[in-house]
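Residue numbers (our numbering): 2 to 1014.
Just so it is clear, CB atoms sit at the ideal spot from N, CA and C, and this is done for glycine as well.
A quick note: this is a predicted structure, and the numbers were derived from the prediction, not measured.
Reviewing the structure listed below.
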Amino acid sequence: MPYETNHIMIQKAKQRLAKLQDYIYRPIAGLEVEAWVTKEPVPYAERMSGRHIRLQPGDKWGELWDCAWFHFQGTVPETAAGQKVVLLIDINGELCLVDEAGTPRQGLTNVSSEFDYSLGRPGKRVVDVSAAARGGETINLWGDGGCNDLFGHYRSGTLKEADIAICHEEARQLAYDLEVLIELVEQLPDSSARKAQVLQSVYEAALQLSEINEESVRLAKAYVARELAKKGGDSVLTISAIGHAHIDLAWLWPIRETIRKGARTFSTALRNMEKYPSYVFGASQPQLYQWMKEHYPQLYAEVKERVREGRWEAQGAMWVEPDTNISGGEALVRQILYGKRFFREEFGKDMKVLWLPDVFGYTGSLPQLLKKSGVDYMMTQKLSWSTYNTHPHHSFLWEGIDGTKVLTHLPPEDTYNSPAAPRSLTKIERDYLDRNVSEHALMLFGIGDGGGGPGEEHLERLEREVNLLGLPPVVQEPAITFFKRLEQEASRFQTYRGELYLEKHQGTLTTQARNKWYNRKLEKALRELEFAASLQIALGESPAEYPAARLEKIWKEVLLYQFHDILPGSSITRVYDESLERYAQLLEEVQTMIAEAYGRIAGRSGAAAGEIVLFNSLPWDRQEWVEIGGSWKYVQVPAMSWRKLTEAAAEPSASEQALIAEDFRLENERLVVRFAENGSIVSLYDKAAGREAIQPGAEANVFTVYHDDGDAWDFPRDYRDTIAGTMTLESRRAYVSGPQAVVEQVYRFGESTLKQTIRLLQGDGLLRFDTEADWRETGKMLRVAFPVAVVSDQVNCEIQFGVLKRPTTRNNAIEFARDEICAHHYLDLSQPDYGVALLNDSKYGHSVEGNVLDLNLLRSPGYPDPQADRAEHRFTYALYPHAGDFIQAGVYRKGYELNIPIASAAAIPVTPQGGGKSDSSSLHGKAFLTIEHPNVMVEAVKKAEDSDHLIVRLYETAGAGADGELSFGPACRTIEEVNLLEEPIGLLAENTDRIRLQFTPFEIKSIRVQLAE
């Protein structure tokens, strides 16, 4: 007689497994349920302050985002004596059970929550009561609930179940035995003897389960036990597994809910550690730990104990998992600085791995930032989401724009929510692109976004898979242990140079434009404030007056909003309502602090009370027009110094050319701009170079509106083929006002208007576009383009701490996929003798194909924020035509000048205290510091974190070597080089105010200075 077919055997096994799973839990009594409902979370001490209701299964308790404290009461029936007893609780939302002191004990998730079911089921509803009940035990539990699922969806707001139940433990164990073996069968090749034998045993076990009872379960277990006992031989690939719970600090839920998600997740991990001795869990983001420390101190103490034990791995080297395309360079430094300091101070751990599994591309500046911060490794998996091209490696050396390399690993399963099932292990072995040179790969298992990380199903599977014949062996261990093993193989790995571009989510470079505007303004304002406060120290004020604590608090909030679902624009409406309100408050606070600091310096400089003093925080002298109190002044302010307005007045260069402002023409000494009837620019003539900057016959500064049926993350790659129209010019006004020639133009499209003030300043070579938009469109994208008379195969894009050259051609699939690109202050298209730069004060999304510089201004997707960008906006961009290439023209300086205007402050009288200097005589007429090389930028000046030293951060901007003298205005006792964590590298000089510095291309240097008394 022939054997049964494989198909029938496996179907029989799956049917019996489903039947067995239904048998595991048997409700024996209901729980009494009360709830106190509030709109926002309240602490445990106030748990009975909300609207009180009593509930039965099926009763409604809340609307989306409602909160409630639930009280569950009951008695274990006497009939349960000797049996394993559990509770089954599902509130159709997220719930955190607490102990009698209010400390989180376990997180629960509704079984109907949205999730990628191919990765498993997200529900967590089982609460252990007793492995062997006595009967009569009292149930008295409190839980903090949220009326939302994992992904912020509303799931009826009703109580689904609240029961005392018997758990048939042997059946539960058998279910996991069968699940693992059935899936092993599905992963093994048909020619495998192992497959045939496992399938036969599983089938024979299934035959025992026609009726499910203790005896049939015992018999079935005997059939599968022999297959689970078979071990693998020598391994060719070992998989390191670590429990993981990726938690977005905001996304489809507000920040306040993330705090509770953290409690649910952390408490669940702790409970599972008690049940599974081999379980190793990891969690990243100091911000999340800080919230646990503040809101749940006892829970935090338990986490710290597990960290000391070595079973809980603190992960990541940044304060949050930030967007790395849009965040500024110094902001990324602070992410690492504050992130590493937190883990060192709280846990005594030095973070060596950058943990960024989910951000939308990785700037080419990161490798240098990591290495100069003592971070040796990087983990991500997001590149697997690319649309057109597959990244060529899972393990490789990533080389940044400066030549620094960092060992990088992408888990080959291409997810951070692994089900830890046999299919996970076989996928890793099958798809690992570097398995020819590596014997190690990483697997991140669990359910993220507040789902509590790994559940029992993950851990039960892993216990059976440790060394199971037919699968690669898997070991639970910290990620740092994995990376140290991987490092032993690194000499055989390939190198990948440049940015790690994600071929997806390019819309996040533009969506939620107001957040991006505030982010840029705050980054620059914080730079200004730190410089001003440092200057005060140099002038004799006590370092104790430096606002270190306030600066750290502001920085950390700015860093929080740089999280990879907030700054990129991919969160719900409430997240932006709250962040915009806080951004405005923070910016006002920082600007007030700047005014006070500069006012005190002005007072020290001998200015009379209220007298205006100008400040230049950039490392070069500035001669330009400024508007003070409604009147224009041409001023000269030394590099990194100040000057009274009365002393700063300078004479603009003499010229016979009068400013001209006409409806169709603007003109100054440097440029002639001609407009078409529709408001577009048809000519930008550079007088000095004697050439046209706009492509002949083309129109520039045309506001094109495209149909955009994407979401916050993505817009169609073929958007250029779906033009909705262009904004129509409604009015134009030309005038000369002081030193500026101006054309004001007002445009309309649909319900939206845009007012643009286009201006040329006397003697200036920059054409500036100050823009106010009232954008009310839905499903549209607004872009502006400039076809320029320049030919180049590459465009120069400013990124953090350097420049990235990107192709302007679309010759292959990689170039085609990278149509939308990120730039910060500017991008520049140059040929050897001439170029044109497009600068901006708050935009990041660009496209450059051929000779067209294209800037993405606004988008209005409908998900996840249906109000995204339908608001009033203001932004500035500018065109800068120039002789020579972008380096010869000093384009980076124009970018900084656009973003960091000369500051002014009214003098505040200062009374000397504690022997401090009464004036600024030591620095009068001198710069705080100067760097003689034109391509070296001073990115930051700040007080050191742990001493009274001052920190100066510089970098080379052109991608070339640089050798220059760094001179300080005040006398210096010591000058040292430090790393980005402000740890000493070496003493450079003593008792001198100047040193020579050598930079390699795009090199960042941090200098620590001890000023003389």
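The beta-carbon distance between residue 781 and residue 709, rounded to whole angstroms, is 6 Å. This is short enough to meet the 8 Å contact definition. The three-state secondary structure of residue 985, taken from DSSP, is strand.
For the pair residue 605 and residue 910, the Cα-to-Cα distance works out to about 7 Å.
In the three-state reduction of the DSSP assignment, residue 459 falls in the helix class, which pools H, G and I.
Counting the other CB atoms within 10 Å of its CB gives residue 281 a total of 16 or more, which places it among the buried residues. Contact check for residue 517 and residue 561: beta-carbon distance about 15 Å, past the 8 Å limit, so the pair fails to qualify. A straight line joining the alpha-carbon of residue 982 with that of residue 374 spans about 6 Å. Contact between the stretch 397–407 and the stretch 485–498 is established, with three or more Cβ pairs separated by less than 8 Å. Counting C-beta pairs with one atom in each stretch, the stretch 613–620 and the stretch 885–904 have three or more that are closer than 8 Å, which means they touch. Only residues of its own chain outside the window of five on either side were considered, and among them 109, 110, 453 and 456 have a CB closer than 6 Å to the CB of residue 125, listed in chain order. A straight-line Cα-Cα distance of about 48 Å links residue 896 and residue 268.
For residue 537, the enclosing alpha helix (DSSP H) has its first and last residue at 514–539.
Rounded to the nearest angstrom, the gap between the Cα atoms of residue 675 and residue 789 is 14 Å. Here residue 927 has 970 as same chain residues with Cβ atoms under 6 Å from its own Cβ, once five neighbours each way along the sequence are excluded. Beyond the five residues adjoining it in sequence on each side, residue 30 comes within less than 8 Å, by CB distance, of 75, 76, 77, 78, 164 and 165 in the same chain, given in chain order. The Cβ atoms of residue 98 and residue 144 sit closer than 7 Å to each other. Here residue 954 is buried. Its C-beta has 16 or more other C-beta atoms within 10 Å. DSSP places residue 836 in the strand class (E or B) of the three-state scheme.
In this structure, the beta-carbon distance from residue 764 to residue 639 does not fall below 7 Å.
The bridge partners DSSP lists for residue 129 are 87. A buried status is given to residue 274, since no fewer than 16 other beta-carbon atoms sit within 10 Å of its beta-carbon. In the DSSP annotation of this structure, the continuous segment of the beta strand (DSSP E) that includes residue 139 starts and ends at 139–147. Assigned with DSSP and collapsed to three states, residue 20 falls in helix. Sixteen is the threshold: since fewer than 16 other Cβ atoms of the shown chains lie within 10 Å of the Cβ of residue 961, the residue is exposed. Less than 7 Å separates the beta-carbon of residue 777 from that of residue 871. Of the residues 137, 758, 824 and 240, the one whose Cα lies closest to the Cα of residue 431 is 240. Here residue 9 is exposed. Its C-beta has fewer than 16 other C-beta atoms within 10 Å. Excluding sequence positions up to five before and after residue 680, its CB lies within less than 6 Å of the CB of 730 and 746, all in the same chain and listed in chain order. Looking from the CA of residue 68, the closest CA among 59, 87 and 48 belongs to 48. Using a Cβ-Cβ distance cut-off of 8 Å, the stretch 478–493 and the stretch 290–306 are not in contact, since fewer than three pairs of beta carbons, one from each stretch, lie closer than that value. In its chain, beyond the 5 residues on either side, 360, 361, 563, 565, 568 and 569 have a beta carbon closer than 7 Å to the beta carbon of residue 324. Taken through DSSP and simplified to helix, strand or coil, residue 231 comes out as coil. For residue 959, the CB contacts under 6 Å within the same chain, skipping 5 residues up- and downstream, are 888 and 936 in chain order. Around the beta carbon of residue 381, a 10 Å sphere encloses 16 or more other beta carbons of the protein chains shown; the residue is thus reported as buried. Approximately 6 Å separates the beta-carbon atoms of residue 943 and residue 535; this is inside 8 Å, confirming the contact. Taken atom to atom, the span from the alpha-carbon of residue 86 to that of residue 26 is near 9 Å.
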